[in-house]
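Colleague: Pasting a structure below so you can have a look.
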Amino acid sequence: MRRRLRWIRFLWLFLLVWPTIRGSDDEYRLIQDLKQGYDPIERPVANHNESLTVRLRLIPQQIADVDERNQMITLVLWTEYTWIDYKMKWKPEEYGGITRIELPSEMLWKPDILLFNSADEHFDAGFSVNFVVKHTGEVLRAPPGIVKFSCDIDITWFPFDEQMCFLKYGSWTYTGSKMDLQINDDHLNETHQMDHQYYIANGEWDLVVGNACAPKSDTI
């Protein structure tokens, strides 16, 4: 009887592992095909005269600190960047039904978007994360981070003061003719154009308005 139980256990393991092996083969083949002829320093547009649209979505988590003396705010924040990479498209039916895949950041092109008014000693303090790529060519990069940025803080009416601060994002090298940075405010209301679904209230400060805009500029 014990031999029979062992055999049944072995058979179940075999059946469970087998689909995983097949899925891994499909994923490996997909990755190799996507890597073929791909250069991560090449801007992912079919025509070099095209401007690549990159959409930015800000997801604040918490106001960690407001430093009035040093005119600096520390914010726990997720930044989501999405764009279409025309070389990252495939037919799911040709790869075991795979519709999305996670790829390391060094494998793909990524926009050189920085927080211009960063006050962090490392300037770009975002955490390196994998890219999520859909079969449609949509690439998602969503690094979490703790950002420190400068803000002109006026404490004249302390402790009933209101401060207006700006997060100034932009490409470090690309002009508007090469990359078009847009705000992704899909499914957000006009009062808060930043995503507040994960926001944790601060005991001292209230986040009153979270508007966003993307002024057009060709300056570097």
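Residues -23 to -1, 1 to 197 in mature numbering (1 follows the signal peptide of the UniProt record, and there is no 0) are what the sequence shown lists, from first letter to last. Here a beta-carbon is modelled for each residue, glycine too, at the ideal position from N, C-alpha and C.
(1) Taking Cβ positions, are Tyr63 and Val22 nearer each other than 8 Å?
(2) I'd like to know if the stretch 112 to 121 and the stretch 42 to 58 are in contact, where contact means that at least 3 CB-CB pairs between them fall below 8 Å.
(3) Could you tell me the distance, in whole angstroms, from the CA atom of Phe126 to the CA atom of Trp86?
(4) The alpha helix (DSSP H) spanning Leu11 covers which residue range?
(5) What does Arg46 pair with, by DSSP beta-bridge criteria?
(6) To the nearest angstrom, report how far apart Asp129 and Tyr146 are at their CA atoms.
(7) In angstroms, rounded to a whole number, what distance separates the CA positions of Leu7 and Cys142?
(8) Using the Cβ count rule (16 or more neighbours within 10 Å means buried), how would you classify Pro88?
(9) Hey, how far is the Cα of Gly74 from the Cα of Asn107?
Modeller: In this structure, then:
(1) Here residue 63 refers to the residue found at position 86 of the sequence shown. Here residue 22 refers to the residue found at position 45 of the sequence shown. Yes.
(2) Touching, yes.
(3) For this step, residue 126 is matched to residue 149 along the sequence shown. For this step, residue 86 is matched to residue 109 along the sequence shown. Those two C-alpha atoms are separated by around 26 Å.
(4) Looking up residue 11 in the sequence shown gives position 34. Looking at the DSSP string, the run of the alpha helix (DSSP H) that includes Leu11 is -22 to 12.
(5) For the purposes of this step, residue 46 is taken as the residue at position 69 of the sequence shown. Arg46 is not bridged to any residue.
(6) As a position in the sequence shown, residue 129 is number 152, starting the count at 1. As a position in the sequence shown, residue 146 is number 169, starting the count at 1. Going from the Cα of Asp129 to the Cα of Tyr146 covers about 17 Å.
(7) Taking the sequence shown and counting its residues from 1, one reaches residue 7 at position 30. Taking the sequence shown and counting its residues from 1, one reaches residue 142 at position 165. Those two C-alpha atoms are separated by around 44 Å.
(8) Here residue 88 refers to the residue found at position 111 when the sequence shown is read from its first residue. It is buried - the Cβ of Pro88 has at least 16 other Cβ atoms within 10 Å.
(9) As a position in the sequence shown, residue 74 is number 97, starting the count at 1. As a position in the sequence shown, residue 107 is number 130, starting the count at 1. In this structure, the straight-line span from the alpha carbon of Gly74 to that of Asn107 is close to 21 Å.
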